[in-house]
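A.B. asks: The listed protein sequences derive, respectively, from chains A and B.
The opening position of the first sequence corresponds to residue 1 in this note's numbering, with each subsequent residue numbered one higher.
The opening position of the second sequence corresponds to residue 1001 in this note's numbering, with each subsequent residue numbered one higher.
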Amino acid sequence: MSERVVAVPPPSALSRLMPGAVLLRLFALFAVLVILLGALLGGKLFNGAAVRSMAFQLPELGVLALAMMIPLLSGGLDLSIIATANLSALGAATIFTHFGVGAHGMAAIPWDVLAILVGFAIAGVIGTLNGVVIAYLGVSPILATLGSMTLVKGIAIGLTHGGIISGFPAFMVFIGNGSVFDVPVVLIVFVLIAIPVSILLTRTPFGTIVAMLGSNEKAVRYSGIDTRRVLIKVYILSALLSSVAGMLMMARFNSANASYGESYLLITILAAVLGGVDPAGGFGRVSGLVLALVILQLVSTAANLLNISQFLGLALWGVILLGVAGVSRVWETVSILLRSAPKDSS
Amino acid sequence: MRNQARALLRTHEGKLLIVVLLLGAFLSVATGSFFTLQNLVDLLTSYSFSGMLAAGLLVVLISGGIDISFTATASIAQYVAMSVANAYSVGWITVIAICAAIGIVCGMLNAVLIGVLRLSSIIVTIATLNVFFGLLMFITHGNEIFSLPDWFGSGANWVVYTDSDQTPYAINLEMIGLVGAFLVTGLLLTRTNIGRQIYALGSNVDAAKRVGIKVFRLNLLVYGYLGFIAGMAALVQAQNAQSVSPNALVGRELDVLAAVVLGGASLTGGVGTVFGTILGVMLLAFLQNGLLLLGVPSYWSQCFTGAVILIAVSLLAVERQRHRAAARRVMA
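1. Where does residue 1145 of chain B fall in DSSP's three states?
2. Mind the definition here: the region 142-155 of chain A touches the region 1301-1319 of chain B only if three or more C-beta pairs lie below 8 angstroms; say whether that holds.
3. From the beta carbon of residue 1 of chain A, is the nearest beta carbon of chain B less than 8 angstroms away?
4. Please identify, using Cβ separations under 9 angstroms, the residues of the region 1068-1098 of chain B that lie next to chain A, in order along the chain.
5. Report all residues from its chain with a CB closer than 7 angstroms to the CB of residue 63 of chain A; omit the five preceding and five following residues, and keep chain order.
6. Does residue 1371 of chain B have its Cβ less than 8 angstroms from a Cβ in chain A?
7. For a cutoff of 8 angstroms on Cβ pairs, would you count residue 1123 of chain B as touching chain A?
8. Just how far apart, CA to CA, sit residue 1312 of chain B and residue 176 of chain A?
9. Which residues, in order along the region 1103-1127 of chain B, keep a beta-carbon less than 8 angstroms from a beta-carbon of chain A?
10. Whole angstroms is fine: what's the gap from residue 1264 of chain B's alpha carbon to residue 1016 of chain B's?
11. Residues of chain B with CB under 9 angstroms from residue 22 of chain A, in chain order?
12. From residue 1007 of chain B to residue 1189 of chain B, what does the alpha carbon distance come to, in whole angstroms?
13. Cβ atoms of residue 1260 of chain B and residue 1111 of chain B: under 8 angstroms apart, would you say?
14. To be precise: take each residue of the region 1020-1050 of chain B, compare its Cβ to all Cβ atoms of chain A, and keep it if any distance is under 8 angstroms. Which residues remain?
15. Measure the beta-carbon distance from residue 54 of chain A to residue 269 of chain A and round it to whole angstroms, keeping in mind my assumption that it falls under 8 angstroms.
16. What residues from chain B crowd round residue 279 of chain A, counting only those whose CB sits closer than 8 angstroms?
17. In the DSSP output, what is residue 256 of chain A paired with across the bridge?
18. If you drop the 5 nearest sequence neighbours on each side, which residues of the same chain put their C-beta closer than 6 angstroms to that of residue 265 of chain A?
19. Kindly identify the DSSP beta-bridge partner or partners of residue 179 of chain A.
20. Quick one: grab the DSSP three-state call for residue 1009 of chain B.
21. How would you list, in chain order, the residues of chain B whose beta-carbon sits under 8 angstroms from the beta-carbon of residue 138 of chain A?
22. Hey, does residue 1199 of chain B have any beta-carbon neighbour from chain A nearer than 8 angstroms?
23. I want to verify the contact list: residues of chain B whose CB lies under 9 angstroms from the CB of residue 144 of chain A, in sequence order.
24. Could I get the ranges of all uninterrupted alpha helix (DSSP H) runs contained in the region 180-252 of chain A, with 4 residues as the minimum, in chain order?
25. Taking the alpha carbon of residue 1069 of chain B as the point to measure from, which residue in B/1284, B/1290, B/1254, B/1146 has its own alpha carbon closest?
26. Can you find a CB in chain B that lies within less than 8 angstroms of the CB of residue 158 of chain A?
27. At the level of alpha carbons, what is the spacing between residue 305 of chain A and residue 23 of chain A?
28. Examine the ligand MN and report whether any of its heavy atoms sits within less than 7 angstroms of the Cβ of residue 306 of chain A.
29. Just the C-alpha distance for residue 1067 of chain B and residue 1272 of chain B, rounded to the nearest angstrom, thanks.
30. Answer with buried or exposed for residue 338 of chain A, where buried requires no fewer than 16 other C-beta atoms within 10 angstroms of its C-beta.
31. Shortest alpha-carbon distance to residue 164 of chain A belongs to which of A/97, A/135, A/119, A/114?
32. How about residue 1132 of chain B and residue 1073 of chain B: do their beta carbons lie closer than 8 angstroms?
33. Would you say residue 1162 of chain B lies against chain A (beta-carbon separation less than 8 angstroms)?
34. Excluding the 5 residues preceding and the 5 following residue 71 of chain A in the sequence, name in chain order all residues of the same chain whose CB lies nearer than 7 angstroms to its CB.
35. Does DSSP classify residue 32 of chain A as helix, strand or coil?
36. At what residues does the alpha helix (DSSP H) containing residue 139 of chain A begin and finish?
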């Protein structure tokens, strides 16, 4: 186990405005990457088309990473996000294709709304199930969500026999592939979700309690807060965000399937941790996560442009995470040495 | 004797044993083909890979860690070993040595990173899973190896029994690997000083350090052991599949984890037995095989598996809560 000594400086007005150590480190990494890749690729990487393609790819993983981040903050984990995304997308897709496409004009709107509501309702049920099993039965989050992941994916495969559902109304295709003033709609959706989540996590009592849960659950319970209800909300929120990600995937591929995006599962944990979310819970900000996502996307787009396999990009993601952890370990050691040096000389 | 039986019933393993026996008995009665030598041999053969890995992962879980990267380790080991076997005229010993060496190196790399970076083991091994798998796919371009050397493809078979239909039943490499992995793991955990240290480390790290256990060295051994088992399991799997594909194994790590946890191992460390792990693997194997034999469409198999995992981990957690409450009452 790691023993970390965290020195807490007194909060001042200035320090609240300054980016934290995690953000600074990520900014440095980002700058190094931009210079390095810029020298290597030049205009090929930093032109409108490449940046736009990055902007199209980032939001899916981004929303999923947000769905993973909230349980991580609370000291848990949600392995069922991908399965939830796919099942709720399949639920919405069924309504869309059976009723929504047949109706035209205004008559289609109720069906479209119903389809999206059904998707959210499915996610709500799965989130509640996760929350109840974790909060009331005391199952560790990894195991509870490992079980619900298998169950939910099993239901999706059982109902669809592994097939795809496709053919959606025009507005879904627009959400997935359209742009407004050259800005992809998916990116707008991501921003519209990331900002409220960020506010929820840092500026509301709920966010504070979630982070406190990750630091010391017992202390929160003894201070008179019903931690179990908070935990249920955490997993419902995670499932609802997964559902949004599922519908984004559905809109982008114009189809839904039981096993889309499975390789994202462990990557979301990687992205969150790289973004400064403490895997043991308690600490982490949406801004760090977004910066980490941009870095990961930059690496994989560059790998793509350099004609190297996307799998080398995957390997690089792992190396970056380990490298960042390594650098901060070295930094810690150096700063401890520096701090103790004057004492030795006196 | 009766006391021993009653004590066994109170443990998780005892309850699981009853569930597995009941499931086996039900399937034997409900389907004619479950309790046949052929089916049981097939089960042993096809679950040898996950069974072996479960034995290795159990050791890591007991030590209080977790490893996600072992499927990538196994993929690298079998790819390298089979490439070498195809290119040069080498024999069993070389192939086994290559798999063992790659497995141990990858496993120990995890332990070194966990020790040096002081990150939690799940994060480090998710990262190394991506590194191992990404590099393997990059170097091999995802190409499969379809033709294995003849001596390897025909494998190790000792026909021990031939039934009236002239169907031979043989002891094969899969069975040897599976039995070997459980036997060695069992001996390591219960009959050696190192085994005691692993339980101690998983139960209470600080106490383990105070009594002089070298945590880093023990972690090297624990993760190296899982790597070694992954290498051996990779060999067995390659023989069973008669081909090597770099992306066939990655993605199965969570299934193995589920089997070990069903067997009663705890993610917080210090708890778990080989017997329980065997039962956990058996439960999932019986369930999946039984559903197929009962004529349930294979599409629904995963749904049932998920339901069983969810119910089992819930029961385990409730049971542990009750134990803890009882302990509190005794203390008071």
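Quick reminder that beta carbons are idealized off the backbone N, C-alpha and C, glycines included.
C.D. replies: The short version:
1. Taking the first residue of the second sequence as 1, we reach residue 1145 of chain B at position 145. In the three-state DSSP reduction, residue 1145 of chain B falls in the strand class (E or B).
2. In this structure the region 142-155 of chain A lies against the region 1301-1319 of chain B, because at least three pairs of beta carbons, one per stretch, are closer than 8 angstroms.
3. By 1-based counting over the first sequence, the position of residue 1 of chain A is 1. Confidence is the limiting factor: at residue 1 of chain A the pLDDT is only 41, short of 50, which leaves the residue's position unreliable, though a coordinate-based value still follows. Under the Cβ criterion of 8 angstroms, residue 1 of chain A is counted among the residues facing chain B.
4. Sequence-ordered contacts of the region 1068-1098 of chain B with chain A read 1068 [C-beta pairs closer than 9 angstroms].
5. Here residue 63 of chain A refers to the residue found at position 63 of the first sequence. 190, 193, 241, 244, 245, 248.
6. Lying outside 1001 to 1332, the shown extent of chain B, residue 1371 of chain B is not represented and no answer is given.
7. In the second sequence, residue 1123 of chain B corresponds to position 123, counting from 1. For residue 1123 of chain B, the answer is yes, since a Cβ of chain A falls inside 8 angstroms of its Cβ.
8. Translated into the one-based positions of the second sequence, residue 1312 of chain B becomes position 312. Translated into the one-based positions of the first sequence, residue 176 of chain A becomes position 176. So the alpha carbons of these two residues sit roughly 40 angstroms apart.
9. Along the region 1103-1127 of chain B, going in chain order, the ones with a CB nearer than 8 angstroms to a CB of chain A are 1113, 1116, 1117, 1118, 1119, 1120, 1122, 1123, 1124, 1126, 1127.
10. Numbered from its first residue, the second sequence carries residue 1264 of chain B at position 264. Numbered from its first residue, the second sequence carries residue 1016 of chain B at position 16. Straight-line Cα distance between these residues: approximately 9 angstroms.
11. By one-based count along the first sequence, residue 22 of chain A stands at place 22. For residue 22 of chain A, there are no neighbours in chain B by C-beta distance under 9 angstroms, as the nearest C-beta there is about 14 angstroms away.
12. Stepping through the second sequence from its first residue, residue 1007 of chain B is reached at position 7. Stepping through the second sequence from its first residue, residue 1189 of chain B is reached at position 189. Each residue's alpha carbon lies about 21 angstroms from the other.
13. Within the second sequence, residue 1111 of chain B is the residue found at index 111, counting from 1. Within the second sequence, residue 1260 of chain B is the residue found at index 260, counting from 1. Cβ atoms of residue 1111 of chain B and residue 1260 of chain B: not closer than 8 angstroms.
14. Listed in sequence order: no entries.
15. Position 54 of the first sequence, counted from the start, is the residue given in the question as residue 54 of chain A. Position 269 of the first sequence, counted from the start, is the residue given in the question as residue 269 of chain A. So it is not a contact: roughly 21 angstroms between Cβ atoms.
16. Translated into the one-based positions of the first sequence, residue 279 of chain A becomes position 279. Those within 8 angstroms of residue 279 of chain A in chain B are 1119, 1120, 1122, 1123.
17. The residue labelled residue 256 of chain A in the question sits at position 256 within the first sequence. For residue 256 of chain A, DSSP records a beta bridge to A/165.
18. Residue mapping note: residue 265 of chain A aligns to position 265 of the first sequence, counting from 1. Cβ neighbours of residue 265 of chain A within its own chain (closer than 6 angstroms, five residues either side excluded): 82.
19. Along the first sequence, one-based indexing puts residue 179 of chain A at 179. Paired residue(s): A/184.
20. If you number the second sequence from 1, residue 1009 of chain B lands on position 9. DSSP, read as helix, strand or coil, puts residue 1009 of chain B in helix.
21. Numbered from 1 along the first sequence, position 138 holds the residue referred to as residue 138 of chain A. From the beta-carbon of residue 138 of chain A, the residues of chain B found nearer than 8 angstroms are 1317, 1318, 1320, 1321.
22. Looking up residue 1199 of chain B in the second sequence gives position 199. By this cut-off, residue 1199 of chain B is not an interface position.
23. As a position in the first sequence, residue 144 of chain A is number 144, starting the count at 1. From the beta-carbon of residue 144 of chain A, the residues of chain B found nearer than 9 angstroms are 1310, 1313, 1314, 1317.
24. The region 180-252 of chain A is shown to contain whole alpha helix (DSSP H) runs of 4 or more residues at 185-203, 205-215, 217-222, in chain order.
25. Numbered from its first residue, the second sequence carries residue 1069 of chain B at position 69. Closest option to residue 1069 of chain B, Cα to Cα, is B/1254.
26. Position 158 of the first sequence, counted from the start, is the residue given in the question as residue 158 of chain A. Among the residues facing chain B, residue 158 of chain A is included, as its CB has a counterpart in that chain under 8 angstroms away.
27. Here residue 305 of chain A refers to the residue found at position 305 when the first sequence is read from its first residue. Here residue 23 of chain A refers to the residue found at position 23 when the first sequence is read from its first residue. Separation of residue 305 of chain A and residue 23 of chain A (C-alpha to C-alpha, rounded to the nearest whole angstrom) is 27 angstroms.
28. For the structure depicted, the ligand MN is absent and the ligand set is empty, with no information on it obtainable.
29. On the second sequence, residue 1067 of chain B is found 67 positions in, with the first residue counted as 1. On the second sequence, residue 1272 of chain B is found 272 positions in, with the first residue counted as 1. Cα-Cα distance, rounded: 16 angstroms.
30. Against the first sequence, residue 338 of chain A aligns to sequence position 338. Exposed, by the Cβ-count rule.
31. In the first sequence, counting from the first residue as 1, residue 164 of chain A sits at position 164. The candidate whose alpha carbon is nearest that of residue 164 of chain A is A/97.
32. For this step, residue 1132 of chain B is matched to residue 132 along the second sequence. For this step, residue 1073 of chain B is matched to residue 73 along the second sequence. A distance below 8 angstroms separates the beta carbons of residue 1132 of chain B and residue 1073 of chain B.
33. Counted from its first residue, the second sequence places residue 1162 of chain B at position 162. Taking Cβ atoms only, chain A never reaches closer than 8 angstroms to residue 1162 of chain B, which makes this a no.
34. In the first sequence, the residue the question calls residue 71 of chain A occupies position 71. Shown here for residue 71 of chain A: same chain residues with a beta carbon closer than 7 angstroms to its own, the five before and five after excluded, namely 77, 78, 141, 234, 235, 238 in chain order.
35. Walking along the first sequence from the start, residue 32 of chain A turns up at place 32. Under the three-state reduction of DSSP, residue 32 of chain A is assigned to helix.
36. Working through the first sequence from its first residue, we reach residue 139 of chain A at position 139. Run containing residue 139 of chain A: none; DSSP gives neither H nor E here.
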